[in-house]
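S.K.:
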Amino acid sequence: MDINPLQIVVAIILSFSLFQCLGALSRRRKRLPPGPFPLPLIGNLHLIGKKPHKSFANLSKTYGPIMSIQLGQVHTVVITSPALAKEVLKKQDLAFSSRYTPDAVHALDHYKYSAAWIPIGPRFRSLRKIMNTHMFSSTSLDSNQHLRLSKIQELIAYCTKYSQSGEPLHIRRAIFKTTLNLISNTIFSKDLTDPFADSEKDEEFHDLVTNIFDELGKANMVDFFPFLEKFDLQGIRGRMIVYFEKMLKIFGGLIDERVRQKLSMDGTEYHDMLKILLTLSEENPEDIDRKHIEHLCLDLFAAATDTTTVTVEWAMAEVLRSSRIKKKIEDELAQVIGRGKVVEEADIERLPYLSCVVKETFRLHPAGPTLIPRKAEQNVDIFGFRVPKGSRLLINAWAIGRDSSFFEDSDIYWPDRFLKSNIDVRGHDFELIPFGSGRRSCPGLPLAYRMVPVMLGSLLNSFEWKLQSGITQEQLDMVEKDGVVLQMEKPLQAIPIPL
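In my numbering, the protein residues as written are 805 to 1303.
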């Protein structure tokens, strides 16, 4: 029997339409959130580009602020509105308190020791209590304020070398160096790199942190097809093992050095985080042991250095490409503290426009655009839809910050929008949640809340800045780099000019 090619085409179209109808009926019966029809095997992976937060934002325009996406074998629900974010991060926080663990953090069993990944339970609460009480509480931060001020002064001294030579400064590297030494002094009472000069050591550490987040940001087939977990086909887990081993070797060496000093009774007295951690480990080894201390250091160094660094870099780029914003913030700094001085933490409340610039940077350029994925511990009903147990949950903080129903001209960098607004970034206002919210919010938020405006304000108030030769404000490349952390594709370089 002869078959007309047109009949074949019609049959394919009808079959595809039938599958779509059956899929839609199945979703309606299960009350799943709406979403695109998944293809066999790959689901909706073909719809997700190199920048998933943008792909999800575009899809949400069709399917709404809560939608189902089938990523390979993994059912995923994406949230793209403040009301829904509040529902899952506050009202139903416990049901979504677990992490959906990417295969990359299975390297060296990091997910078993890291406070960022372990399930909610006694160990999680113990580690969070240690961070909240001994590192990020107002009392702890106030007592270390002198340390942060000294690191800001070192940053300005480092920039001064470039102002004298007229060479462009690599902003990201300068901020990273400062943040790295700040965290290392808070934990170990010592610098990990020379604060006044470029060195192989800080470049090596910077590359380690960058490589870790690069691997986390790659589309790992194991995360979409869990049955492949034994194979590590892309080598991501293997490379993460190498990076983790290098970092843990550094931390292990510093811990061993402290233990030897204690045993030798050399008389040196430390008042840092490591002393507290070692004491707690001796008193309550069931709560925290040597492995937890090392992996906690890995979390703190990787997260704090990278997220703070990229936020300040984005803010500097946005300010330098707008003469109006630059003048307005410089005028405020000159009037409140005087040109040429570093900004101290006590000054922040008197610098409302600087605070607006920081908020606007968090709005347009959140370091983690979809936050860290969560996992439904049970079937959960949200606004009439069912999120099945085991689903991956993504909060698209990048898209929420650009929601035009809450922010006028939402794609434009305009700090003035916050001058008459009480919206805050600390997890209470769900239109702006760069640090997440609830029991899984970023524990380092209080430190970042102080450091970002102080770093940014000090840089802008200590020098006049111009872009590197040949680049105008309009030509400044603001393209995002692919990855789990929202970096600038081309690192910002600018020349600090003496006042």
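By construction, the Cβ of each residue, glycine as well, lies at the ideal position given by its N, Cα and C atoms.
So, using beta-carbon positions, are A1180 and V1191 closer together than 8 Å?
M.R.: Here residue 1180 corresponds to residue number 376 of the sequence shown, with the count starting at 1. Here residue 1191 corresponds to residue number 387 of the sequence shown, with the count starting at 1. In this structure, V1191 lies closer than 8 Å to A1180 by Cβ.
S.K.: Three-state secondary structure (DSSP) at G1021?
M.R.: Translated into the one-based positions of the sequence shown, residue 1021 becomes position 217. Correct three-state label for G1021: helix.
S.K.: Any idea what DSSP makes of P999, helix, strand or coil?
M.R.: On the sequence shown, residue 999 is found 195 positions in, with the first residue counted as 1. Coil.
S.K.: Who are the near neighbours of L829 in its chain, counting only those whose CB is closer than 6 Å to its CB and skipping five residues on each side?
M.R.: Taking the first residue of the sequence shown as position 1, residue 829 is located at position 25. Note on L829: pLDDT 46, under 50, position unreliable in the model; no value is reported.
S.K.: Please tell me whether, using a cut-off of 7 Å, the distance from the CB of V1289 to the nearest non-hydrogen atom of the ligand MN is below it.
M.R.: You won't find the ligand MN in this model; it holds no ligand whatsoever.
S.K.: Using DSSP bridges, identify the partner residues of I883.
M.R.: The residue given as residue 883 occupies position 79 in the sequence shown. Looking at the DSSP assignment, I883 forms a beta bridge with I870 and I1199.
S.K.: Looking only at its chain, what residues have a beta carbon closer than 7 Å to the beta carbon of K890, apart from the 5 residues adjacent to it on each side?
M.R.: Position 86 of the sequence shown, counting from 1, holds the residue named residue 890. If we look at K890 and ignore the five residues flanking it on each side, its Cβ neighbours are F1234.
S.K.: Compare the Cα-Cα distances from N848 to each of R835, K834, V882 and P869 and report the closest residue.
M.R.: Taking the sequence shown and counting its residues from 1, one reaches residue 848 at position 44. If we check each option's Cα against that of N848, V882 comes out closest.
S.K.: Does the separation of the CB atoms of Q877 and F1028 fall below 8 Å?
M.R.: Counting from 1 along the sequence shown, the entry for residue 877 is found at position 73. Counting from 1 along the sequence shown, the entry for residue 1028 is found at position 224. Yes.
S.K.: Quick one: grab the DSSP three-state call for H1075.
M.R.: The sequence position of residue 1075 within the sequence shown is 271, counting from 1. If DSSP states are grouped into helix, strand and coil, H1075 belongs with coil.
S.K.: Could you check which residue in S1225, R1125 and L1078 has the C-alpha nearest to that of K1163?
M.R.: As a working mapping, residue 1163 is identified with position 359 in the sequence shown. Per the Cα distances, S1225.
S.K.: Kindly give me the distance between the Cβ atoms of L996 and F1017, rounded to whole angstroms, as I take these residues to be in contact under 8 Å.
M.R.: The residue given as residue 996 occupies position 192 in the sequence shown. The residue given as residue 1017 occupies position 213 in the sequence shown. Their Cβ separation, rounded to whole angstroms, is 18 Å, which puts L996 and F1017 out of contact at 8 Å.
S.K.: Counting C-beta neighbours from all protein chains within 10 Å, is the total for V1283 16 or more, i.e. buried, or is it exposed?
M.R.: For the purposes of this step, residue 1283 is taken as residue 479 along the sequence shown, with counting starting at 1. V1283 is exposed by the Cβ-count criterion.
S.K.: Taking all protein chains shown into account, decide if D907 is buried (16 or more other Cβ within 10 angstroms of its Cβ) or exposed.
M.R.: Position 103 of the sequence shown, counted from the start, is the residue given in the question as residue 907. Buried, since its Cβ has 16 or more Cβ neighbours within 10 Å.
S.K.: How long is the line joining the alpha carbons of T880 and P838, rounded to whole angstroms?
M.R.: Residue mapping note: residue 880 aligns to position 76 of the sequence shown, counting from 1. Residue mapping note: residue 838 aligns to position 34 of the sequence shown, counting from 1. If you take the alpha carbons of T880 and P838, they lie about 11 Å apart.
S.K.: Give the straight-line distance between the Cα atoms of T1174 and L845, rounded to the nearest whole angstrom.
M.R.: As a first step, residue 1174 is located in the sequence shown; it is residue number 370 there, counting from the start. As a first step, residue 845 is located in the sequence shown; it is residue number 41 there, counting from the start. So the alpha carbons of these two residues sit roughly 24 Å apart.
S.K.: Check whether the Cβ atoms of V1140 and R1154 lie closer than 8 Å to each other.
M.R.: What you label residue 1140 is simply residue 336 of the sequence shown in a count that begins at 1. What you label residue 1154 is simply residue 350 of the sequence shown in a count that begins at 1. For V1140 and R1154, yes; Cβs fall inside 8 Å.
S.K.: May I have the straight-line CA-CA distance separating L1264 from T964, to the nearest angstrom?
M.R.: Reading the sequence shown from its first residue, position 460 is the one you call residue 1264. Reading the sequence shown from its first residue, position 160 is the one you call residue 964. Cα to Cα, L1264 sits roughly 13 Å from T964.
S.K.: Determine the direct distance from the alpha carbon of H910 to that of K916, and round the result to whole angstroms.
M.R.: Locating residue 916 in the sequence shown gives position 112, where the first residue counts as 1. Locating residue 910 in the sequence shown gives position 106, where the first residue counts as 1. Distance between the alpha carbons of K916 and H910: 8 Å.
S.K.: What separation, rounded to the nearest whole angstrom, lies between the Cα atoms of L951 and H938?
M.R.: Working through the sequence shown from its first residue, we reach residue 951 at position 147. Working through the sequence shown from its first residue, we reach residue 938 at position 134. Each residue's alpha carbon lies about 15 Å from the other.
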